[in-house]
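S.K.: Residue numbers (my numbering): 834 to 1009.
Submitted below is the structure of interest, expressed as structure tokens.
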């Protein structure tokens, strides 16, 4: 009896994983987009858990890194024709450099606690205001990228709701 009780969580997690993997085959694009957003927000929650739960620092700059990374990848595609995979790695490198600058300032001046939260939100707001005034970002209207054709099983490109769902699930699993 104790053995069955110990295996119950494993069976539940295995069943949940099977349902999550099979979900794109049974729901429409709208429900899949909602599921992708749920996985993305769960992943973002894991990032907050790492910063606040493990490191003890309240960071309000997550939107900064998402925005800078998205604009960097989008601008590389829009202006230079660089594809999503190369653009992704360059955007990650840019966000890491930005995080190092903010981290250097925080460590250099001994900023922690609520002041670290203020530092991160200040950088996020300065960047948002700057992006509203830069011409290459499209100003307050943003950039408009052309829509790519959709291939059903094209795992090498970011195309279609099922692929975005599986990528979000992969990143959430890796982050957990």
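Ideal Cβ positions, reconstructed from N, Cα and C, are used throughout, including at glycine.
1) Give me, in chain order, the residues of the same chain whose beta-carbon lies closer than 8 Å to that of residue 901; leave out the 5 immediate sequence neighbours on both sides.
2) If we count Cβ pairs, one from each stretch, closer than 8 Å, do we get three or more for the region 963-973 versus the region 887-895?
3) Alpha carbon to alpha carbon, what distance is there between residue 996 and residue 984?
4) Can you tell me which of the three DSSP states residue 942 falls into?
5) Is it true that the CB of residue 880 sits closer than 9 Å to the CB of residue 975?
6) For residue 853 and residue 999, I'd like the C-alpha separation in whole angstroms.
7) Please classify residue 949 as buried or exposed, where buried requires at least 16 other C-beta atoms within 10 Å of its C-beta.
8) By the DSSP assignment, the alpha helix (DSSP H) with residue 994 in it spans what residues?
9) What residue range does the alpha helix (DSSP H) around residue 888 cover?
M.R.: Per the coordinate set shown:
1) If we look at residue 901 and ignore the five residues flanking it on each side, its Cβ neighbours are 924, 927, 928, 931, 960.
2) Verdict: no, contact absent.
3) At residue 984 the pLDDT is 48, less than 50, meaning the model places this residue with poor confidence; the figure from the coordinates comes in the next sentence. Taking the straight line from one Cα to the other gives about 10 Å.
4) Three-state DSSP puts residue 942 in coil, outside helix and strand.
5) Between residue 975 and residue 880, the CB-CB gap reaches or exceeds 9 Å.
6) Each residue's Cα considered, the two are about 9 Å apart.
7) Residue 949 should be labelled buried.
8) From DSSP, the alpha helix (DSSP H) with residue 994 extends over 994-1008.
9) No alpha helix (DSSP H) contains residue 888, which DSSP labels as neither H nor E.
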